[in-house]
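K.L.:
Residue numbers (full-length UniProt numbering): 1 to 664. Cβ atoms here follow ideal geometry from the backbone N, Cα and C, with glycine treated the same way. The structure presented is a predicted model; accordingly, all values stated were derived computationally and were not measured.
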């Protein structure tokens, strides 16, 4: 069974939701169409199309009256062309959009004629004025409740998306009715879903959206008469507030994750091929529902689906899916916004060596000892773990140590930059060494799966060159792309993140900047390759880190974030904000702007300090920066950006960090 997501066309939110939905494995995203209550869905769908690569997109649902059918067909066909065939046209007789415009819904007979005309427009080619367009015809899905509309949809549409609630008996009867008309029609169901350990809170999450759909059925004959379209979809509406709990429990799926999964399995057993999850009311927190699923498992075994409310208890533990693992440990603060979450590279707690103190700055530290030290910090959820482990340490021992310290594996980073690979790993001139590097990466992929880590991180520190005329640049780049692509293809359930850096140990590293790395990822053409945004490496590359972060995120390639500081001449890996405080603040502001909710990992080398205290110090700094960002007047900042006023920006940050002292 496929899982789709339904939400509202809210400006500056849809793109973020679309990226998230694609990352955690939803098949499609549908937007409501109601011109007086939400933004224009076609504009938002176009933006979502640019921001994603394989997510299906469409209205859920439009109607045949507020736009001419030819206009709707043209919009859908344009979306199809711009997204490479990912459009779907969801349509219904019409509801709040018509009511606000003073229009009446078409009769069932009129609607059936509309469907025939719409299919004709799409079939003839709504973009026939664009020479040479041969995109697949946009499929039409009809949102339907009553038997006559279900039958009309089965006759003339590609899909019927039922709006009859979540009761298996009602769904099964509707499925059988549609199949009797057309055995081959695709069938889905809109289902209101609220996930929370507290059932009362779960009901509140979906009151508004449940009232919107439930009034169409025969659950309560008075619902339609009492419905106020000026509060369409709102949990604050009079009808929604008074909706009986027993009706919500029958019509929607609410409760803790295990209950929700069980009821979704019951929905799947009715013959429904896809569930369109309606996670909250129009005025609800958009992250009220979090649904994880293995993105490659298009067959959709619902027993592998996990649903978690992001607004739940801050102690809620991490849950992992097979692809693009979403670690959904979240607290609430400042009116429902998500609290910061932290992780670290395991090397922060290891033994440090440089070219002078070759006998190291401390005694050897085993992988297990490093995990135990990380546990002493108290606020680390995840670790990036080097592989191979220290001598004698097994995967089972690492798993047990992580569990004992309440930490999860976030990345596995293979050692493809050590002495064996001094002339390069993927770009080594010796094919035997290249094969050795790939074999080590394949082992790391297996370890990632065994530990539940979603990502293998690649830092090919020895790939590149040192002097002019040393290499054939084109061949070295080809080998770099080939190596990363090969690792990404090793397992569909493990993604690959490239950590770029300009130099060290190589004088010129192959993956040197954000832009160059994005170019390489585009050339490789794989969706499961992304970037590690390392704040220190960005500073070291003379980038503006916030700018680089947005660039990576806008291309949908931000897989993980690491933070530290340096003097911009070397990769010093100093505590967060210790040198470039203003740029660090801007970087964390950018993280908030893109709504980054995953752990932020520390990448530090405390040669002369206590690793545990160094980690705690950086965490305290990040919390202080986060609190400072809370004090920024966003309207003032927007005005500064509009005018591109450097002195106003200077005053803002000076007053923010130093108080009200005047700026000369």
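Taking residue 477 as part of the alpha helix (DSSP H), name the residues at either end of that continuous run.
P.N.:
Per DSSP, residue 477 belongs to the alpha helix (DSSP H) from 473-488.
K.L.:
Answer yes or no: do residue 396 and residue 601 have a C-beta to C-beta separation smaller than 8 angstroms?
P.N.:
Taking 8 angstroms as the Cβ cut-off, residue 396 and residue 601 do not qualify as a contacting pair.
K.L.:
Is residue 538 buried or exposed, if buried means 16 or more other CB atoms sit within 10 Å of its CB?
P.N.:
Buried, by the Cβ-count rule.
K.L.:
From the DSSP output, in three-state form, read off residue 457 for me.
P.N.:
Note: residue 457 maps to strand in three-state DSSP.
K.L.:
Taking DSSP as the reference, what is the three-state secondary structure of residue 677?
P.N.:
Residue 677 is absent from the model: the chain starts at 1 and stops at 664.
K.L.:
Is residue 57 near residue 49, with beta carbons less than 8 angstroms apart?
P.N.:
Closer than 8 angstroms, so yes.
K.L.:
Are residue 549 and residue 533 closer than 8 angstroms when you measure CB to CB?
P.N.:
Against a cut-off of 8 angstroms, the Cβ pair of residue 533 and residue 549 comes out as a contact.
K.L.:
Kindly indicate the opening and closing residues of the beta strand (DSSP E) around residue 375.
P.N.:
Looking at the DSSP string, residue 375 is not in any beta strand (DSSP E); the run it does join, the alpha helix (DSSP H), is 367-377.
K.L.:
Using the beta-carbon count (16 or more within 10 Å), is residue 356 buried or exposed?
P.N.:
Residue 356 comes out exposed.
K.L.:
Rounded to whole angstroms, what is the Cα-Cα separation between residue 520 and residue 486?
P.N.:
Cα to Cα, the separation comes out at about 14 angstroms.
K.L.:
Please report the straight-line C-alpha distance between residue 450 and residue 407, rounded to a whole angstrom.
P.N.:
Going by the C-alpha atoms only, they are around 15 angstroms apart.
K.L.:
Mind reading off the beta-carbon distance from residue 164 to residue 279? Whole number of angstroms is fine, and I expect it under 8 angstroms.
P.N.:
Going by Cβ atoms, the distance from residue 164 to residue 279 rounds to 18 angstroms, so no, they are not a contact pair.
K.L.:
Start and end of the alpha helix (DSSP H) containing residue 507?
P.N.:
No alpha helix (DSSP H) contains residue 507, which DSSP labels as neither H nor E.
K.L.:
Run the CB neighbour count on residue 378, radius 10 Å, all protein chains shown included, and call it buried at 16 or more, exposed below.
P.N.:
Exposed is the call here.
K.L.:
May I ask you to report which of helix, strand or coil DSSP gives residue 394?
P.N.:
Residue 394 falls in the coil class under three-state DSSP.
K.L.:
If you measure between the beta carbons of residue 565 and residue 582, is that distance less than 8 angstroms?
P.N.:
It is not a contact, given that the beta carbons lie outside the stated cut-off.
K.L.:
Quick one: residues in its chain with C-beta nearer than 7 angstroms to the C-beta of residue 616, no 5 flanking neighbours on either side, listed in chain order?
P.N.:
So the qualifying residues of the chain are 377.
K.L.:
Could you check where the alpha helix (DSSP H) with residue 245 kicks off and where it finishes?
P.N.:
Run containing residue 245: 245-251, per the alpha helix (DSSP H) assignment.
K.L.:
Am I right that residue 156 and residue 116 are in contact with their C-beta atoms under 8 angstroms? What's the rounded C-beta distance?
P.N.:
Contact holds; Cβ gap of about 6 angstroms.
K.L.:
Let me know if residue 668 comes out buried or exposed under the rule of 16 or more other beta-carbons within 10 Å of its beta-carbon.
P.N.:
This structure cannot speak to residue 668, because the chain is shown only from 1 to 664.
K.L.:
In the DSSP assignment, what are the bridge partners of residue 278?
P.N.:
Beta-bridge pairing links residue 278 to 192.
K.L.:
What number of angstroms, rounded off, separates the C-alpha of residue 277 from the C-alpha of residue 261?
P.N.:
C-alpha separation (whole angstroms): 12 angstroms.
K.L.:
By the 10 Å Cβ neighbour count, where 16 or more other Cβ atoms means buried, how is residue 184 classified, buried or exposed?
P.N.:
So residue 184 ends up on the exposed side.
K.L.:
Distance, Cα to Cα, residue 161 vs residue 98?
P.N.:
If I take the Cα positions, the gap works out to 20 angstroms.
K.L.:
In terms of DSSP beta bridges, what is residue 254 paired with?
P.N.:
Answer by DSSP bridge pairing, in chain order: 194.
K.L.:
Can you list, in chain order, the residues of its chain with a C-beta nearer than 8 angstroms to that of residue 333? Leave out the 5 residues immediately preceding and following it.
P.N.:
Because the pLDDT at residue 333 is just 33, under 50, the model does not fix this residue reliably, and the point stays unresolved.
K.L.:
If you drop the 5 nearest sequence neighbours on each side, which residues of the same chain put their C-beta closer than 6 angstroms to that of residue 14?
P.N.:
Closer than 6 angstroms at Cβ, skipping near neighbours: 44 and 48.
K.L.:
Should residue 328 go down as buried or exposed, given a rule of 16 or more other Cβ atoms within 10 Å for buried?
P.N.:
Residue placement at residue 328 is poorly supported in this model, since its pLDDT is 26, which falls under 50; the coordinates still yield a value, given next. Classification for residue 328: buried.
K.L.:
Helix, strand or coil for residue 346, going by three-state DSSP, please let me know.
P.N.:
If DSSP states are grouped into helix, strand and coil, residue 346 belongs with the helices.
K.L.:
Around the C-beta of residue 643, are 16 or more other C-beta atoms found within 10 angstroms, so that it is buried, or is it exposed?
P.N.:
Label assigned to residue 643: exposed.
K.L.:
Where residue 371 and residue 610 are concerned, what is the direct C-alpha to C-alpha distance, given to the nearest angstrom?
P.N.:
Approximately 15 angstroms between the Cα atoms of the pair.
K.L.:
May I ask which residues mark the beginning and end of the beta strand (DSSP E) holding residue 101?
P.N.:
Taken as a continuous stretch (DSSP letters only), residue 101 belongs to no beta strand (DSSP E), as it is neither H nor E.
K.L.:
With 16 as the cutoff for other CB atoms within 10 Å, does residue 176 come out buried or exposed?
P.N.:
The residue in question, residue 176, is exposed, as its Cβ has fewer than 16 Cβ neighbours within 10 Å.
K.L.:
What is the DSSP secondary structure of residue 362, counted as helix, strand or coil?
P.N.:
The answer is coil: DSSP assigns residue 362 none of H, G, I, E or B.
K.L.:
Tell me which same chain residues have a C-beta within less than 7 angstroms of the C-beta of residue 312, skipping the five on either side of it?
P.N.:
Unreliable placement is indicated for residue 312, whose pLDDT of 33 sits below 50; the coordinate value is still reported in the next sentence. Excluding sequence neighbours, residue 312 sits near 196 and 197.
K.L.:
Per DSSP, which one or two residues make a beta bridge with residue 413?
P.N.:
Its beta-bridge partners are 386.
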